[in-house]
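Peer 1: Have a look at this one.
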């Protein structure tokens, strides 16, 4: 009797925490999406407008985030930069998530030559740090947002393939999967209706953090001069322009960095909450 009465009590706290985590992360991400979709509503000035008379104004009522060397409003540049950086993060993650998950699903379930070939390619690529590979590809392809996406797609799928494959290797021996095989279900039905829903939660959680990683990588490319070029209001480009004035105009780098950190926290919280929801539904 004690076990049955205590069991629901143990599940209420995690469920409550899951909802709070999911809602908190969702609100932050939703705010960033709204800002990126309607930047003119939140930006008080043109992000490219040069005003020599307003150079290096510290945060104030007129310029809440201050101004830079050219007198451009930092708040406006951060707001318009959200569209670029969120696009890099989301689109740079979505394609690798889909492609890598499908490859990992097939390799883990069928094994054989596909599994061996996939893992060998994966091992070779994983021997190099993620950012280094992106820098190499960007150096070859050149500057521009399109090349950033290509570099992220070529490198990003590997982690998803390895993660999903490892989950499938365990899941395909589960009783309900074996029962589906005995029942004569097609491989496609077993894979996409029974296996995938029970292994995708780990990939989704990783994708939430990977969005942040792609955003940071895109900003890093701009910071190094390989990505989005000035005067585009991209967070990494803003950081690059303000690094020489950290001691005298700290706000140029502080507010873009703070916005990027806040966005990262939002996606992380959203991913954790979504993971718990998917695991519960998978059961």
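Numbering (our numbering), first residue to last: 1 to 283.
Using N, Cα and C, we set each Cβ at its ideal position, and we do this for glycine too.
If the criterion is Cβ atoms closer than 8 Å, does the pair residue 215 and residue 85 meet it?
Peer 2: Cβ atoms of residue 215 and residue 85: closer than 8 Å.
Peer 1: How many angstroms separate the CA atom of residue 252 from the CA atom of residue 186?
Peer 2: Distance between the alpha carbons of residue 252 and residue 186: 58 Å.
Peer 1: May I ask you to verify whether the region 265-277 touches the region 203-213, counting CB pairs closer than 8 Å and requiring at least 3?
Peer 2: Judged by Cβ distances under 8 Å, the region 265-277 makes contact with the region 203-213, as three or more pairs qualify.
Peer 1: With distances taken between CB atoms, is the gap from residue 153 to residue 95 smaller than 8 Å?
Peer 2: Going by C-beta atoms, residue 153 is nearer than 8 Å to residue 95.
Peer 1: For residue 67, does the three-state DSSP call read helix, strand or coil?
Peer 2: Correct three-state label for residue 67: strand.
Peer 1: Hey, how far is the Cα of residue 267 from the Cα of residue 26?
Peer 2: Approximately 8 Å between the Cα atoms of the pair.
Peer 1: So, under 8 Å CB-CB, residue 168 and residue 105 are touching, yes? Tell me the CB distance rounded to an integer number of Å.
Peer 2: About 6 Å separates the two Cβ atoms, so the contact holds.
Peer 1: Would you kindly report the start and end of the unbroken alpha helix (DSSP H) that includes residue 209?
Peer 2: Start and end: 196-223.
Peer 1: Taking C-alpha atoms, which residue in 103, 37 and 36 lies nearest to residue 159?
Peer 2: Comparing Cα-Cα distances from residue 159 to each of 103, 37 and 36, the minimum goes to 103.
Peer 1: Can we say the region 192-211 touches the region 235-253, given the rule of at least three CB pairs closer than 8 Å?
Peer 2: No: the two stretches stay apart, fewer than three of their Cβ pairs being nearer than 8 Å.
Peer 1: Given a threshold of 16 other Cβ atoms within 10 Å of its Cβ, counted over all protein chains shown, does residue 64 qualify as buried or as exposed?
Peer 2: Exposed: under 16 other Cβ atoms inside 10 Å.
Peer 1: Can you tell me whether residue 79 is buried or exposed? The criterion is at least 16 other CB atoms within 10 Å of its CB, across all chains shown.
Peer 2: Per the 10 Å Cβ criterion, buried.
Peer 1: If the criterion is Cβ atoms closer than 8 Å, does the pair residue 262 and residue 33 meet it?
Peer 2: Result no, Cβ atoms of residue 262 and residue 33 do not sit closer than 8 Å.
Peer 1: From the DSSP output, read off the bridge partner residues of residue 85.
Peer 2: According to DSSP, which records beta bridges pairwise, residue 85 is partnered with nothing at all.
Peer 1: Determine the direct distance from the alpha carbon of residue 220 to that of residue 228, and round the result to whole angstroms.
Peer 2: In a straight line, the C-alpha of residue 228 is about 10 Å away from that of residue 220.
Peer 1: Is it true that the CB of residue 121 sits closer than 8 Å to the CB of residue 164?
Peer 2: No, the Cβ-Cβ distance between residue 164 and residue 121 is not below 8 Å.
Peer 1: How many angstroms separate the CA atom of residue 144 from the CA atom of residue 225?
Peer 2: So the two alpha carbons sit approximately 10 Å from each other.
Peer 1: Could you please give the first and the last residue of the uninterrupted alpha helix (DSSP H) stretch that includes residue 241?
Peer 2: That run of the alpha helix (DSSP H) goes 235-242.
Peer 1: Does the contact criterion of 3 or more C-beta pairs under 8 Å hold for the region 52-61 versus the region 71-78?
Peer 2: Enough Cβ pairs lie closer than 8 Å, so yes.
Peer 1: Let me know the secondary structure DSSP gives residue 272 once reduced to three states.
Peer 2: The answer is helix: DSSP assigns residue 272 an H, G or I state.
Peer 1: Tell me whether residue 128 is buried or exposed, calling it buried when 16 or more other Cβ atoms sit within 10 Å of its Cβ.
Peer 2: It is exposed - the Cβ of residue 128 has fewer than 16 other Cβ atoms within 10 Å.
Peer 1: Going along the chain, which residues of its own chain have a beta-carbon closer than 7 Å to the beta-carbon of residue 114, five neighbours each way excluded?
Peer 2: Closer than 7 Å at the Cβ level, and outside the excluded window around residue 114, lie 106 and 107.
Peer 1: Would residue 48 and residue 231 qualify as a contact pair, given that the criterion is a beta-carbon distance under 8 Å?
Peer 2: Against a cut-off of 8 Å, the Cβ pair of residue 231 and residue 48 comes out as a contact.
Peer 1: Ordered along the chain, which non-local residues of its own chain (more than five positions away) have a Cβ less than 7 Å from that of residue 243?
Peer 2: Within the same chain, residue 243 has close Cβ partners 253.
Peer 1: Looking at the strands, I want to know which residues DSSP matches up with residue 46.
Peer 2: In DSSP, residue 46 forms no bridge with anything.
Peer 1: Take residue 191 and list the residues in its own chain whose beta-carbon comes closer than 7 Å to its own, dropping the five residues that flank it on each side.
Peer 2: Closer than 7 Å at the Cβ level, and outside the excluded window around residue 191, lie 105 and 109.
Peer 1: Can you find the residues in the same chain that come closer than 6 Å, C-beta to C-beta, to residue 157, ignoring five residues on each side of it along the sequence?
Peer 2: Counting only Cβ-Cβ distances below 6 Å, and skipping sequence neighbours, we find 96, 99 and 100.
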